[in-house]
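In the UniProt record's numbering, the protein residues as written are 1 to 355. Quick notes on the structure that follows.
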Amino acid sequence: MASESKTEKPLKLGIIGTGIFAVNNHLPTFEKLPNLYLPWACYNRTKAKAEDFAVKAKISSDKIHDSLESIVSDPDVDVIDALLPVQYNLDVVKLAVKYGKPLAMEKPIAANLDQAREIVKISKENPQLPIIILEQWSYYKAITILKEKLNEIGNVVSFTYKSTGPFYVSNKYLKTSWRAKPEHIGGFLSDGGVHQLALLTGVLGRVSKVSGLTKQVRKQSGADDILYSCMTMENGLIGTFTYGSAFGATKKSCVFEIMGDNGSISFDFTPKRVPTATVLIGANGDVEPKEEVIQIENENSGTLKEFEVFSEALKTKDFTKILSTPEVCFHHLAVIDAALKSSSSGGNAIEVQTP
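Here it is, written out as structure tokens:
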């Protein structure tokens, strides 16, 4: 961890995994936050990719490392930013603890619940060492807004959550081996599904049971890629959760509806639109309801907000600012795990595991 004097300067980043997402998403974020972060070192299993990234990130050639342990143990590196196939996340966590380096790593938390459970255990045993799972949907402004509106619709009863869309053959991530032959449970269902669950659970709380059916529509997905399910929440709410982008030509549709006995909230977060929450208040359908429309401009859809949060947490030592903790992100993966197990049992209700 950086010393107190160093925290006044940009945190020196050791970037592990220098592929598409590092170049297209993380690097532009760091360029927008030059006072907070400085790309300092990098490592990739394919050294040529690390060398290309180093040029783009203005990293010195002598800071291109040859192994995971080498970059994590680098005394000049303040923080590790890991963008690896998630089956390697546990290895990075163990090294981060060994060398006392704060760690940011991409979601989902791990490839399976055994690995995820061990990451949670290590995190709890080392509370002085912050770990943030880079699940940017946990920081959506919409979560705060929707939660604030819940009490206006009376006793919340149920929800419907739907995120569906067409399959894009041009998807650049289809060519990556960890996507084509996923070792992480559910493939695209967990990789993208944890986004959706961060929003759902951020507003309504944890999922208790799942009864789901999954299917693989596209060979390129490498695993089941659509999910239809019914859920019971820990607070007693019931609802449906539908997710998948493996269909033929269809309009992308992302809508989260919450129903109460005194109204409803409909949140439309379909891409390429301004996210909009429509709140209807009224207990009697015979009477014209009161309507409020809330547009959520500049939603935190990229990686900027989560890295701002991580920097602030490191500088203030207030780790409660980190919402996407290992324990929280374990739950998101555990819901997908329960849905897959439910599907394999013909749709039986499966309890969501805990760490």
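Even glycine gets a Cβ: it sits at the ideal position worked out from N, Cα and C.
Selection from the options that minimises the alpha carbon distance to residue i
{"i": "Ala96", "options": "Asn348, Ile15, Glu351", "result": "Ile15"}
{"i": "Leu103", "options": "Val352, Leu113, Val92", "result": "Val92"}
{"i": "Glu234", "options": "Gln353, Asp74, Met105, Glu125", "result": "Gln353"}
{"i": "Lys162", "options": "Thr240, Ala246, Ile265, Arg117", "result": "Thr240"}
{"i": "Ala338", "options": "Phe307, Cys230, Glu306", "result": "Cys230"}
{"i": "Ser61", "options": "Leu68, Ala41, Arg206, Glu183", "result": "Ala41"}
{"i": "Ile281", "options": "Glu291, Pro275, Lys272", "result": "Glu291"}
{"i": "Phe21", "options": "Ser170, Leu83, Glu306, Lys98", "result": "Leu83"}
{"i": "Gly260", "options": "Lys94, Asp224, Asn155", "result": "Asn155"}
{"i": "Val169", "options": "Arg273, Gly186, Gly248", "result": "Gly248"}
{"i": "Glu306", "options": "Ile71, Ile59, Gly17, Thr325", "result": "Thr325"}
{"i": "Glu308", "options": "Leu36, Pro166, Thr242", "result": "Leu36"}
Alpha carbon of residue i to alpha carbon of residue j, nearest angstrom
{"i": "His65", "j": "Glu31", "result": "22 Å"}
{"i": "Lys149", "j": "Thr278", "result": "10 Å"}
{"i": "Ser344", "j": "Leu213", "result": "8 Å"}
{"i": "Pro34", "j": "Leu13", "result": "12 Å"}
{"i": "Ser221", "j": "Tyr140", "result": "27 Å"}
{"i": "Asp286", "j": "Asn262", "result": "13 Å"}
{"i": "Ile80", "j": "Val328", "result": "20 Å"}
{"i": "Ile238", "j": "His332", "result": "17 Å"}
{"i": "Asn44", "j": "Pro75", "result": "19 Å"}
{"i": "Asp52", "j": "Gly187", "result": "28 Å"}
{"i": "Glu351", "j": "Leu340", "result": "12 Å"}
{"i": "Leu227", "j": "Ser342", "result": "11 Å"}
{"i": "residue 356", "j": "Phe159", "result": "Residue 356 is absent from the model: the chain starts at 1 and stops at 355."}
{"i": "Leu146", "j": "Gln295", "result": "12 Å"}
Contact test: residue i Cβ vs the ligand SAM heavy atom, cutoff 8 Å
{"i": "Ala111", "result": "Summarising the ligand content, the structure contains no ligands, and the ligand SAM is consequently not present."}
According to DSSP, residues forming a beta bridge with residue i
{"i": "Leu280", "result": "Ser264, Glu291"}
{"i": "Ala104", "result": "Asp81, Ile132"}
{"i": "Lys215", "result": "Ile226"}
{"i": "Lys12", "result": "Leu38"}
{"i": "Phe247", "result": "Pro166"}
{"i": "Thr160", "result": "Thr240, Glu257"}
{"i": "Thr232", "result": "Lys209, Ile238"}
{"i": "Glu351", "result": "Lys209"}
Nonlocal neighbours in the same chain, by C-beta distance under 6 Å from residue i, ignoring five residues either side
{"i": "Gly347", "result": "Ser211, Leu213"}
{"i": "Gln115", "result": "Leu90"}
{"i": "Glu183", "result": "Gln87, Ala111"}
{"i": "Phe256", "result": "Tyr161, Phe267"}
{"i": "Ala349", "result": "Lys209, Ser211"}
{"i": "Cys254", "result": "Ser163, Phe269, Thr270"}
{"i": "Leu200", "result": "Tyr161"}
Residues near residue i by beta carbon distance below 8 Å, same chain, minus five either side
{"i": "Gly302", "result": "Asn25, Thr29, Gln136"}
{"i": "Val23", "result": "Phe53, Lys56"}
Contact set for residue i: own chain, Cβ-Cβ below 7 Å, skip 5 residues either direction
{"i": "Ala2", "result": "Confidence is the limiting factor: at Ala2 the pLDDT is only 41, short of 50, which leaves the residue's position unreliable, though a coordinate-based value still follows. The residues are Leu11, Asp78."}
{"i": "Lys107", "result": "Ile133, Leu134, Glu135, Val194, Cys329"}
{"i": "Leu197", "result": "His332, Val335"}
{"i": "Asp225", "result": "Gly187, Phe188, Leu189, Gln216, Val217, Arg218, Gly244, Ala246"}
{"i": "Glu4", "result": "Unreliable positioning characterises Glu4 in this predicted model, as indicated by a pLDDT of 41, which lies under 50. The coordinate reading is nonetheless provided below. Within the same chain, Glu4 has no close Cβ partners at all."}
Inter-residue CB distance, residue i and residue j (contact presumed, cutoff 8 Å)
{"i": "residue 357", "j": "Phe330", "result": "In the structure as shown, the chain begins at 1 and stops at 355. Residue 357 is therefore absent and cannot be evaluated."}
{"i": "Thr164", "j": "Gly100", "result": "Not a contact, Cβ separation roughly 44 Å."}
{"i": "Ile322", "j": "Ile132", "result": "5 Å"}
{"i": "Ala142", "j": "Glu299", "result": "7 Å"}
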